[in-house]
Structure formats: C-alpha cells, structure tokens
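For reference, the structure discussed in these notes is given below.
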Amino acid sequence: MHRLLVVFSCIGALLLSACEQGREGEQAGTLIGAAAGALLGREIGGGSVGMVVGAVAGAYLGGQLGKKLDRKDREAMERTTQQALTTSPPGTTSRWTNPDSGNSGTVTPQQSFTNDNGQECREFQQTVTVDSETQTAYGTACRQPDGTWRVVSG
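Take the sequence shown: its letter number 143 is residue 152 in the working numbering, and every next letter is one higher.
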C-alpha cells in the first residue's frame with residue numbers, strides 16, 4: 010500500500026507542477042495509468058506479480074491518454090486543483106473542462122491534517138477524462154510557504 014501511495018503522489022506531482030515542455034501530458038498519463046493498473050492488477054492478480062503486470066499495461070494506456078492533454082488542459086487542471094485544495098470542503102468535487110479539446114477532469118479534496126513538519130496537508134482524488142476514457146488517481150498534497158500545494162510522497 011505504501012508503494013501505491015508513493016506512485017499516486019508522483020502522479021499528483023506531475024499534475025501540480027511543470028514538467029519538460031511538450032511531454033507533460035504523456036508523463037502524467039503514464040504515471041496515472043501505471044498507478045491505476047498497479048492497483049487493479051494487485052486486486053485481480055492477487056499480489057505483486059499482478060501489480061507489476063497491471064502497472065506496465067496501465068502505463069502504456071495512460072501514456073497514450075496523456076499525449077492528448079494540451080497546455081490549456083494542464084493549466085485548467087492545475088488551476089482547479091490548487092483552488093480545490095485551498096477552498097473546498099472535504100468531499101466536494103471541483104470540475105475543469107477545456108472546451109477547445111473537450112478534455113475534462115475533477116478534483117475532490119478529502120481530509121486535512123498537519124504533517125510531522127507542521128504543514129497543512131490534504132488527501133485528494135483526481136480524475137482526467139480524454140476521449141471518454143477516464144483515469145483516477147489518489148494523492149496527498151501539502152501547502153507550501155507561498156500558499157501553493159505540492160504533492161508529497163507517503
């Protein structure tokens with residue numbers, strides 16, 4: 010379970026921060042797909058072998074999905090994520106849509122807590138839908154001194 014939390018945290022890190030120009034969507038999609046595939050593979054395959062097979066398959070499919078996210082998609086996703094983590098009560102879903110691409114997603118913050126470093130942190134669920142394909146990820150983000158949120162590993 011700890012490994013999955015780390016994987017999902019990495020997903021969020023890509024979604025909340027800038028990456029290498031032109032490959033952000035593919036990288037984010039690959040990580041989202043890998044994490045979702047690992048979780049599904051573990052449940053269906055009954056252990057670490059199923060988790061690895063699921064992660065590989067999910068990474069491929071997620072990478073293909075992520076290639077379709079453009080700059081406006083990523084900007085809308087980050088803006089919505091930052092705002093939801095800052096202002097939304099637990100369980101309240103915020104949505105983003107790019108009318109140009111038709112891509113969309115949601116962010117649903119969960120409980121807030123204070124970590125060992127005294128930072129305010131929140132768990133969240135995030136979805137991305139491209140061409141009617143939806144990927145879901147879970148993560149934890151902590152508020153930085155400048156007020157923005159940064160995804161942290163478990």
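The beta-carbon is built from N, C-alpha and C at its ideal position, and this holds for glycine as well.
{"Query": "CA nearest to the CA of threonine 170, picked from Ala150, Glu87, Lys76", "Result": "Outside the displayed span of the chain (10 to 163) sits residue 170, for which this structure offers no information."}
{"Query": "Beta-carbon proximity of phenylalanine 133 to threonine 117, cut-off 8 Å", "Result": "yes"}
{"Query": "Given arginine 159 as reference, the closest of Asp109, Glu129, Gly100, Asp140 once Cα atoms are compared", "Result": "Glu129"}
{"Query": "Where glutamine 119 falls: helix, strand or coil (DSSP)", "Result": "strand"}
{"Query": "Burial state of glutamine 135, where buried means 16 or more other Cβ atoms lie within 10 Å", "Result": "buried"}
{"Query": "First and last residue of the uninterrupted alpha helix (DSSP H) at threonine 89", "Result": "80-96"}
{"Query": "Span separating the alpha-carbon of glycine 148 from that of glutamine 120", "Result": "12 Å"}
{"Query": "Presumed contact (8 Å Cβ cut-off) between glutamine 92 and serine 103, rounded CB distance", "Result": "7 Å"}
{"Query": "Euclidean distance between Cα positions of alanine 146 and glutamine 153", "Result": "22 Å"}
{"Query": "Environment of glycine 156 [buried if 16+ CB atoms lie within 10 Å]", "Result": "exposed"}
{"Query": "DSSP-derived helix/strand/coil call for serine 141", "Result": "coil"}
{"Query": "Separation of valine 139 from glycine 59, as counted between CA atoms", "Result": "The predicted position of glycine 59 is uncertain, since its pLDDT is 49 and thus under 50; a value taken from the coordinates is nonetheless stated next. For glycine 59 and valine 139, the distance between alpha carbons rounds to 26 Å."}
{"Query": "Distance between beta carbons of asparagine 107 and lysine 76, contact taken as under 8 Å", "Result": "Not confirmed; about 15 Å, so no contact."}
{"Query": "As assigned by DSSP and simplified to three states, the class of serine 110", "Result": "coil"}
{"Query": "Sub-8 Å separation of tryptophan 7 and threonine 95 beta-carbons", "Result": "Within the shown structure, residues of the chain are numbered from 10 to 163, placing residue 7 beyond reach of any answer."}
{"Query": "Selection from Pro98, Pro99, Val137 that minimises the alpha carbon distance to methionine 86", "Result": "Val137"}
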